[in-house]
Amino acid sequence: MDHSTQEVRKPVVQGRRGYACTFCRRRKFKCDGRTPCRSCIKGKQTCSYDNTSHRTPTQLLQDRIDELQNKIDSIESSRKNSPRSPPSVRQQRSVPSQNQFAANGYIEGTYVFSPNEYSRAGSSRSLFFSPSNVPYMADYIASDSSSSCSSSYDFPFGIDGNCLSGNMAGSTPPSRSPPTVWGTPASEAGSPQLVESQASHILGSDGSIPAPLVEKILFNFLTHRFRCGLQHIDRLQEQNLNAQRHPALLSAAYLLGCFFCPDGTLATLEPLFVERTRRALEDAINLTQDFSYATDYLLAGGMLALYYYCKGRLLEGYHRAISAVRFAVNHGFHTIKPLSIDALSMQNPTHVVAVYGQKDKVCAWWFTFFVDRWGSLLTGLPCGIADGDIKTPWPQTVDSVIDHIHTNSVSSLYLPGSDIPDRVSSPYYGYALKALALLDRASVKASSAHTVSPEAWAAEHAVIQNALAYFAESVEDIRETSNAEAGTALSFVHIVVYAATCALHMPYIRQWAHDDNHTSQRNHLRSICREAASTAAAILHNVRELTMTIIPVWQGLPLAALCEYLLQERDDLIDELDFTEQTEVEKQLDEMMGWMHDMRSTFPVLGMQVDKLEAKRR
């Protein structure tokens, strides 16, 4: 061998781990860390190093925050420069720096929330016991621009926050791309000018709504608002929905009126009223020091969140719901105290206005609470305020306000022997709120049962179980003395209680599935849940046969929880070769999921729920 022509081999110097050049990293080559490195010299490549991998996750998140802030600023500047945009003074919003994020996920500032069990990531808040992959974005909650934020989440999610694939994000066939259920639909993502122009053939030349159309929209809203949790309060009556109300509340009422139109002919106006409601909420924040306007503002924010949830636009709905809760907390809606007014003082017109205003404020708070808890269970993301921080009494009649009957709040549900007085204009509304609070508590505690000691979970399980039993007994006593209409409405409350019962017992049912030492206890809990699910299915069947009965959209949440239990029970019966009982369970699943299928065209969120359940049922 001719040593003069032999290449002199030099020892290869191994660079530090993670410091390879881009060429070596892309091809998984060893890199000596020099400039240029040996591999690039041999391959005649340009040797370059990318140091972004050495940045900490916090630094990368801060870069993302800066990028989103730039997007928000550009959108706001384009709106401000728009010739048709109404003049307004917008407060400059700043995204918090990395040292402003609290350990519990909330942002330090003027909005105060308790650091408790509600301040964790999404999976602990979901009725569905599969882990959530949705990150909890504190900077998202700080933002006030839902359209700009939603563009960062252009991928479909399931009802529990998990990413969907194929056609599980809705009724879209596999051959088409699934819709973006967390983002803004393409039809509503245009500029305000585009939205106005699309409805120009219906509106007047000055953008006003013709009187016959207003009458039709308000009729739909007043007729169907119970389907989304709005009860009779004075400012939502037809004679009071006029120019005296906040523009945001009027636009939100028109939005829901179009949404509830039975024949769907007003659906083209929904983007218009979405945009008007959003602009009114943004432009009038400085006017809310007046408590009358603040109540209108709070109701409008909750109604917009509810619309987003019903349409399946979960992330936008969550943003609006959290914003509404934060606004309510800042204005003291969660700690309303009794008025110092007696019956003799009611001759004073000022006192009369104060009493009705007190009633409206209480109802506005509990509507916000309802939207917050419902949306939190839908998305699996943290709710806006803990039960223990709420001091406002349950919804009251005017007589209760005058008589200083200050009923207990949420925490009283778990106290032994607590009184549950409830007689408001809608006889089931207060009970529905309490049932939803119990469902929320049972779901939260059950989904985190594996993170606490068995003794602690057993104690919490007993407290919630006793509260559910006492509450169900109280509802049954009321239902027996009510008329048929009120009895049907209270039956919906029973369904929520049954769902909470199943959600509470599911950890034990799953934990003891293969534990022979707890077979009898597990079978006992299964029998309780079976009876609850079968009764709920029977109630739903009877109600669906009453053509005049309107089932509210929030019933989809407890029904989905009951279906989750029935799917578990079906698997157990298959293992036990009990095909007779399995057939009965299948019928109950058909009843509950059939209603969701029937209503999915009106409420896309129900379609999302039933698609998730169908995938598990196969």
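Heads up: the sequence shown begins at 766 in the working numbering, then just goes up one per residue.
Positions of the beta carbon are idealized from the N, C-alpha and C atoms, including for glycine.
Values in this document were obtained by computation on a predicted structure and should not be read as measured data.
ALA1129 and LEU1198 closer than 8 Å at C-beta: no
Rounded straight-line distance, which links the Cα of SER1208 to that of VAL1375: 19 Å
With 16 other Cβ atoms within 10 Å as the buried cut-off, status of ASP1137: buried
CA-to-CA distance, MET1364 to GLY1372, given in whole angstroms: 8 Å
Rounded C-alpha distance that separates HIS1226 from ALA1380: 30 Å
Boundaries (first-last residue) of the alpha helix (DSSP H) holding LEU1311: Taken as a continuous stretch (DSSP letters only), LEU1311 belongs to no alpha helix (DSSP H), as it is neither H nor E.
Contact set for GLY1077: own chain, Cβ-Cβ below 6 Å, skip 5 residues either direction: VAL946, PRO1369, VAL1370 and MET1373
Integer-rounded CB distance, given that THR1042 should sit under 8 Å from LEU1079: That belief does not hold up - the Cβ atoms of LEU1079 and THR1042 are roughly 18 Å apart, past 8 Å.
Whole-angstrom distance between ALA1297 and ILE1260, CA atom to CA atom: 8 Å
Separation of ASN985 from LEU1020, as counted between CA atoms: 10 Å
Three-way DSSP call (helix, strand, coil) for ALA785 in this model: coil
Inter-residue CB distance, LYS795 and CYS789 (contact presumed, cutoff 8 Å): 7 Å
GLY994 versus TYR1058 - alpha carbon distance: 21 Å
Distance between beta carbons of LEU1178 and ALA1211, contact taken as under 8 Å: At roughly 16 Å, the Cβ-Cβ gap does not stay under 8 Å, so ALA1211 and LEU1178 are not in contact.
Straight-line Cα distance separating LEU1037 from ILE1316: 27 Å
Burial state of SER1174, where buried means 16 or more other Cβ atoms lie within 10 Å: buried
For ILE830, three-class secondary structure by DSSP: helix
Buried versus exposed call for THR1030 [16 or more other C-beta atoms within 10 Å across all chains shown]: exposed
Which of helix, strand or coil DSSP assigns to PRO921: Here the model assigns PRO921 a pLDDT of 30, short of 50, so the residue's position is not dependable, and the following value carries that caveat. Three-state DSSP puts PRO921 in coil, outside helix and strand.
Neighbour-count burial assignment, GLY1066, 16 or more Cβ in a 10 Å radius: buried
Burial state of LEU1269, where buried means 16 or more other Cβ atoms lie within 10 Å: buried
Backbone secondary structure at VAL1261 - three-state DSSP: helix
Classification of HIS1289 by the beta-carbon crowding that lies within 10 angstroms, buried from 16 upward: exposed
Assumed close pair LYS1124, VAL1094 - CB separation to whole angstroms, cut-off 8 Å: No, LYS1124 and VAL1094 are not in contact; Cβ-Cβ is about 20 Å, not under 8 Å.
CYS1128, enclosing alpha helix (DSSP H) - first and last residue: 1114-1144
The region 1326-1340 touching the region 1293-1310, judged by at least three CB pairs closer than 8 Å: yes
With 16 other Cβ atoms within 10 Å as the buried cut-off, status of VAL1118: exposed
Endpoints, the alpha helix (DSSP H) within which PHE1368 is located: Looking at the DSSP string, PHE1368 is not in any alpha helix (DSSP H), and its letter there is neither H nor E.
Counted within 10 angstroms of its Cβ, other Cβ atoms place LYS1377 as buried (16 or more) or exposed: buried
Secondary structure of SER916, DSSP reduced to three states: Note on SER916: pLDDT 27, under 50, position unreliable in the model; the coordinate value appears next. Note: SER916 maps to coil in three-state DSSP.
Boundaries (first-last residue) of the alpha helix (DSSP H) holding THR1348: 1344-1364
Contact check, HIS1306 vs GLU1356, beta carbons under 8 Å: yes
Where VAL1228 falls: helix, strand or coil (DSSP): helix
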